[in-house]
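Protein chains in written order, with this note's numbering: chain A, 75 to 185; chain B, 3 to 112. Don't be surprised by glycine CBs; every beta carbon is placed ideally from N, CA and C. Since this is a predicted model, take the numbers as computed values, not measurements.
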Amino acid sequence: GENVEQHPSTLSVQEGDSAVIKCTYSDSASNYFPWYKQELGKRPQLIIDIRSNVGEKKDQRIAVTLNKTAKHFSLHITETQPEDSAVYFCAARYNFNKFYFGSGTKLNVKP
Amino acid sequence: EAQVTQNPRYLITVTGKKLTVTCSQNMNHEYMSWYRQDPGLGLRQIYYSMNVEVTDKGDVPEGYKVSRKEKRNFPLILESPSPNQTSLYFCASRQGYEQYFGPGTRLTVT
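See the structure below:
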């Protein structure tokens, strides 16, 4: 199977600063890497994803990078805002149907 | 409105009393899945289904059953719940890459 590790578990930044969350995976057969944002009491929502044939993807203030050789991928949030405060999860899709999630990062953006 | 629904949203039950959590989607998605979320562990996949009558185990299937008799419904069955199944449960569906999650069911087993 697959194992996904996520760091850090908590991250506190000042509004306007950047935040970076890192994940590693163990199985090179994983080919799709989504990132989810979960606000308190809500369901996880997809914010960005990347496929294994792409090295970087950007969507406004959010970007994801993938290093297949090192088996790690990262979420970058620039110009953070208080509404970015939430728990973020990375995931890896293994064998097309199985999803493995990281343990989550609680991001706190201080005004 | 495209959505995934779950019922009930909250459930408190006792050890050994069989229960079913329902999941329904109106997007005609072939793939559906169940996850449990526990503090510090992220989401862990319980079972998934690729289509009607096609299901397979995820990472933590022990103590759970599923069925997929219709494309839109994917119920999760706990035949003899135990306290270690106290958790927050999410159903999800997808067609292609993106998964859409239901609102969650908070289950407490005493």
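Given A/A165 as reference, the closest of A/I121, A/S86, A/E153, A/Q134 once Cα atoms are compared
Position 91 of the first sequence, counted from the first residue, corresponds to residue 165 of chain A. Among A/I121, A/S86, A/E153, A/Q134, the Cα nearest to that of A/A165 belongs to A/I121.
Check whether the Cβ atoms of A/F147 and A/K96 sit closer than 9 Å, and answer yes or no.
On the first sequence, residue 147 of chain A is found 73 positions in, with the first residue counted as 1. On the first sequence, residue 96 of chain A is found 22 positions in, with the first residue counted as 1. Contact flag set, yes.
Residue-chain proximity (B/E81, chain A), Cβ-Cβ < 9 Å:
As a first step, residue 81 of chain B must be located in the second sequence, where it is residue number 79. No - not a single Cβ of chain A is within 9 Å of the one on B/E81.
When you check each C-beta in the stretch 94-111 of chain B against every C-beta of chain A, which residues fall closer than 9 Å?
Result list: A94, Y99, E100, Q101, Y102, F103, G104, P105, G106.
Would you mind working out which of B/T88, B/P83, B/P77, B/N86 sits nearest B/V6, comparing C-alpha positions?
Locating residue 6 of chain B in the second sequence gives position 4, where the first residue counts as 1. The shortest C-alpha to C-alpha distance from B/V6 to any of B/T88, B/P83, B/P77, B/N86 is the one to B/P77.
Short of 6 Å in beta carbon distance, which residues of its chain neighbour A/P108, apart from the five on each side in sequence? Order them along the chain.
For the purposes of this step, residue 108 of chain A is taken as residue 34 along the first sequence, with counting starting at 1. The residues are L120, D123, A165.
A/L120 - containing beta strand (DSSP E), residue span:
As a working mapping, residue 120 of chain A is identified with position 46 in the first sequence. Annotation: the continuous beta strand (DSSP E) that includes A/L120 extends over 119-125.
Let me make sure I understand the geometry here. Which of A/P185, A/F170, A/F175 has the alpha-carbon closest to that of A/Y99?
For the purposes of this step, residue 99 of chain A is identified with residue 25 of the first sequence, where counting begins at 1. Measuring C-alpha to C-alpha distances from A/Y99 to each of A/P185, A/F170, A/F175 identifies A/F175 as the nearest.
Does the beta carbon of B/S69 sit closer than 9 Å to a beta carbon anywhere in chain A?
The count along the second sequence starts at 1 and reaches residue 69 of chain B at position 67. It does not; no Cβ of chain A falls within 9 Å.
DSSP three-state label for B/P105, please.
Locating residue 105 of chain B in the second sequence gives position 103, counting from the first residue. B/P105 carries a coil assignment under DSSP once its states are collapsed to helix, strand and coil.
Strictly below 7 Å CB to CB, what residues from chain A border B/M52?
Counting from 1 along the second sequence, the entry for residue 52 of chain B is found at position 50. The CB of B/M52 comes closer than 7 Å to the CB of N171 in chain A, given here in chain order.
If distances are taken between C-alpha atoms only, which option among B/N53, B/D40, B/E72 comes closest to B/G106?
Start at 1 with the first residue of the second sequence, and residue 106 of chain B comes out as number 104. Of the listed residues, the one whose Cα sits closest to B/G106 is B/D40.
Is B/D58 helix, strand or coil by DSSP?
One-based indexing of the second sequence puts residue 58 of chain B at position 56. Here B/D58 carries a strand assignment [DSSP, helix/strand/coil].
Measuring alpha carbon to alpha carbon, tell me which residue in B/R11, B/Q87, B/K71, B/V68 is nearest B/R38.
Stepping through the second sequence from its first residue, residue 38 of chain B is reached at position 36. Of the candidates B/R11, B/Q87, B/K71, B/V68, the one whose C-alpha sits nearest the C-alpha of B/R38 is B/Q87.
DSSP three-state label for A/E46, please.
For chain A, the structure presents residues 75 to 185; residue 46 of chain A sits outside this window and is missing.
Going by DSSP, name the residue or residues bridged to A/Q112.
As a first step, residue 112 of chain A is located in the first sequence; it is residue number 38 there, counting from the start. Beta-bridge annotation (DSSP): A/Q112 is paired with A/V161.
So, are the CB atoms of B/S84 and B/G104 less than 9 Å apart?
Along the second sequence, read from residue 1 onward, the residue named residue 84 of chain B stands at position 82. Along the second sequence, read from residue 1 onward, the residue named residue 104 of chain B stands at position 102. Not in contact: B/S84 and B/G104 (Cβ atoms no closer than 9 Å).
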